[in-house]
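First up is the structure itself, then whatever we jot down about it.
Residue numbers (my numbering): 26 to 395.
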């Protein structure tokens with residue numbers, strides 16, 4: 026029996042009809058031929074009537090033909106029809122939106138054939154579709170919630186502004202509230218559009234040579250007023266100059282998101298550190314804070330869309346920043362890792378190639394947070 030090696034399932038049989046089966050059929054036909062000769066000799070010995078002899082032989086081969094037909098039908102039904110019909114019924118359910126379908130393989134793992142592999146691949150495909158459907162449902166649910174919250178605040182505040190006897194100071198506060206939540210809604214929609222374009226690859230990286238150290242310094246200065254307001258110590262350890270080839274506008278989003286999170290989660294009097302080192306082939310950028318840190322559950326979901334582990338800062342973001350970071354770095358051939366512990370702060374470490382690389386393919390079974 027010929028087998029083929031697969032990377033996932035090991036040795037897989039290429040035929041559903043094993044050689045011993047052909048041997049049984051061949052031996053059965055030889056036996057039938059021998060019985061045929063014996064039948065002729067027996068009937069000839071009992072009678073000289075040729076009509077009886079002919080009818081006896083015809084009746085015998087009718088029985089042999091019927092047996093072979095029933096055997097062939099049995100083999101075809103159990104070998105092909107039943108598994109294919111089960112697969113077809115499962116496919117129909119999936120087409121109707123049922124992603125809980127599971128088709129059991131016909132053989133055990135050590136005796137798989139190509140039809141078993143097709144069934145296993147189908148089950149895997151359905152599981153992936155179910156996961157995507159769940160993610161889509163969660164995405165729309167989260168988007169609806171994130172949009173509904175600022176809209177509700179804007180609507181309620183606008184109603185309060187209709188009052189004619191409002192003091193000027195309170196009216197100004199209400200206007201500031203509307204402006205704040207309108208900006209938050211605008212940022213949310215902007216991030217959703219950016220993430221959608223990145224995932225649909227309608228935005229393609231445009232690598233160009235530029236000074237990463239200078240870009241990091243410029244991004245850090247954008248948050249100067251915020252860290253001064255919270256009395257946070259900001260430490261930067263950057264090389265004088267490091268040239269890389271990458272899309273500067275996309276990487277700017279990465280640094281702004283990481284620095285924004287670091288400042289946001291660091292309590293007054295804490296420290297935010299920006300470090301950058303390089304080798305001949307790679308550049309490493311680390312953003313550390315002395316904030317609240319994260320537990321293992323939060324770390325597992327930190328790059329999920331709309332996930333916010335620390336709900337006390339939920340009003341300051343929408344949970345899309347790190348999803349954008351992960352997607353951009355994958356597109357540019359880079360990577361991001363995070364280390365954290367509760368009460369000890371967090372460190373996000375980005376590694377980038379100094380020259381452009383293709384997007385890193387995601388391994389099967391690996392969690393895609395983007």
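Built from N, CA and C at the ideal position, the CB exists for glycine as well.
Which same chain residues, not among the five before or five after residue i, have their C-beta less than 7 Å away from its C-beta?
{"i": "residue 81", "result": "64 and 68"}
{"i": "residue 394", "result": "The predicted model places residue 394 with a pLDDT of 33, which falls under 50 and marks its position as unreliable; any figure quoted below should be read in that light. Within the same chain, residue 394 has close Cβ partners 328, 329, 348 and 351."}
{"i": "residue 294", "result": "256"}
{"i": "residue 46", "result": "none"}
{"i": "residue 286", "result": "346"}
{"i": "residue 306", "result": "378 and 379"}
{"i": "residue 232", "result": "270, 271, 272 and 381"}
For residue i, report the span of its beta strand (DSSP E) as first-last.
{"i": "residue 292", "result": "No beta strand (DSSP E) contains residue 292, which DSSP labels as neither H nor E."}
{"i": "residue 89", "result": "Premise fails: residue 89 lies in the alpha helix (DSSP H), 75-101, not in any beta strand (DSSP E)."}
{"i": "residue 233", "result": "233-236"}
{"i": "residue 380", "result": "Here residue 380 belongs to no beta strand (DSSP E), and DSSP marks it neither H nor E."}
{"i": "residue 311", "result": "307-314"}
{"i": "residue 268", "result": "268-271"}
{"i": "residue 109", "result": "Element bounds for residue 109: not the beta strand (DSSP E) but the alpha helix (DSSP H), 107-120."}
{"i": "residue 366", "result": "From DSSP, residue 366 is part of no beta strand (DSSP E); its letter is neither H nor E."}
{"i": "residue 189", "result": "Note, residue 189: premise wrong, no beta strand (DSSP E); not H, not E."}
{"i": "residue 259", "result": "258-262"}
Cutting at 8 Å between CB atoms, please list the residues of its own chain near residue i, excluding the five before and the five after it.
{"i": "residue 268", "result": "234, 235, 236, 237 and 379"}
{"i": "residue 266", "result": "236, 238 and 239"}
For residue i and residue j, what's the separation of their Cα atoms in angstroms?
{"i": "residue 72", "j": "residue 97", "result": "35 Å"}
{"i": "residue 132", "j": "residue 44", "result": "17 Å"}
{"i": "residue 383", "j": "residue 356", "result": "Note that residue 383 scores a pLDDT of 45, beneath 50, so its modelled location is shaky; the value from the coordinates is reported in the next line. Each residue's alpha carbon lies about 7 Å from the other."}
{"i": "residue 281", "j": "residue 245", "result": "8 Å"}
{"i": "residue 299", "j": "residue 284", "result": "8 Å"}
{"i": "residue 57", "j": "residue 136", "result": "32 Å"}
{"i": "residue 188", "j": "residue 204", "result": "18 Å"}
{"i": "residue 341", "j": "residue 251", "result": "With a pLDDT of 48 at residue 341, under the threshold of 50, the predicted position of this residue should be treated as unreliable, and no value is reported."}
{"i": "residue 325", "j": "residue 361", "result": "13 Å"}
{"i": "residue 130", "j": "residue 121", "result": "22 Å"}
{"i": "residue 451", "j": "residue 274", "result": "Residue 451 is absent from the model: the chain starts at 26 and stops at 395."}
{"i": "residue 369", "j": "residue 185", "result": "43 Å"}
{"i": "residue 151", "j": "residue 271", "result": "37 Å"}
{"i": "residue 372", "j": "residue 346", "result": "16 Å"}
{"i": "residue 116", "j": "residue 146", "result": "12 Å"}
{"i": "residue 243", "j": "residue 288", "result": "16 Å"}
{"i": "residue 155", "j": "residue 276", "result": "33 Å"}
{"i": "residue 230", "j": "residue 218", "result": "16 Å"}
{"i": "residue 192", "j": "residue 297", "result": "41 Å"}
{"i": "residue 304", "j": "residue 311", "result": "15 Å"}
{"i": "residue 253", "j": "residue 261", "result": "15 Å"}
{"i": "residue 54", "j": "residue 92", "result": "11 Å"}
{"i": "residue 138", "j": "residue 59", "result": "36 Å"}
{"i": "residue 77", "j": "residue 83", "result": "10 Å"}
{"i": "residue 103", "j": "residue 110", "result": "11 Å"}
{"i": "residue 124", "j": "residue 173", "result": "30 Å"}
{"i": "residue 74", "j": "residue 90", "result": "25 Å"}
{"i": "residue 249", "j": "residue 200", "result": "26 Å"}
Apart from the five residues on each side of it in sequence, which residues of its chain come closer than 6 Å, Cβ to Cβ, to residue i?
{"i": "residue 202", "result": "182"}
{"i": "residue 337", "result": "Any reading at residue 337 must be qualified, since the residue scores a pLDDT of 45, below 50, and its modelled position is unreliable; the value itself is stated next. Answer for residue 337: no residue qualifies."}
{"i": "residue 153", "result": "none"}
{"i": "residue 210", "result": "175"}
{"i": "residue 302", "result": "309"}
{"i": "residue 126", "result": "115, 118, 119 and 151"}
{"i": "residue 66", "result": "none"}
Short check: CB of residue i to CB of residue j, under 8 Å?
{"i": "residue 279", "j": "residue 363", "result": "no"}
{"i": "residue 112", "j": "residue 144", "result": "yes"}
{"i": "residue 414", "j": "residue 241", "result": "Beyond the ends of the chain as shown, which are 26 and 395, falls residue 414; an answer cannot be given."}
{"i": "residue 179", "j": "residue 207", "result": "yes"}
{"i": "residue 119", "j": "residue 148", "result": "no"}
{"i": "residue 316", "j": "residue 291", "result": "yes"}
{"i": "residue 70", "j": "residue 85", "result": "no"}
{"i": "residue 367", "j": "residue 314", "result": "no"}
{"i": "residue 308", "j": "residue 354", "result": "no"}
{"i": "residue 108", "j": "residue 88", "result": "no"}
For the alpha helix (DSSP H) that residue i lies in, which residues bound it at each end?
{"i": "residue 323", "result": "321-326"}
{"i": "residue 299", "result": "Per DSSP, residue 299 belongs to no alpha helix (DSSP H); it is in the beta strand (DSSP E), 296-303."}
{"i": "residue 250", "result": "249-254"}
{"i": "residue 57", "result": "44-71"}
{"i": "residue 348", "result": "346-356"}
Can residue i be considered in contact with the ligand GTP, in the sense that its beta carbon sits closer than 7 Å to one or more heavy atoms?
{"i": "residue 297", "result": "Looking for the ligand GTP in the displayed structure turns up nothing, as the structure carries no ligands at all."}
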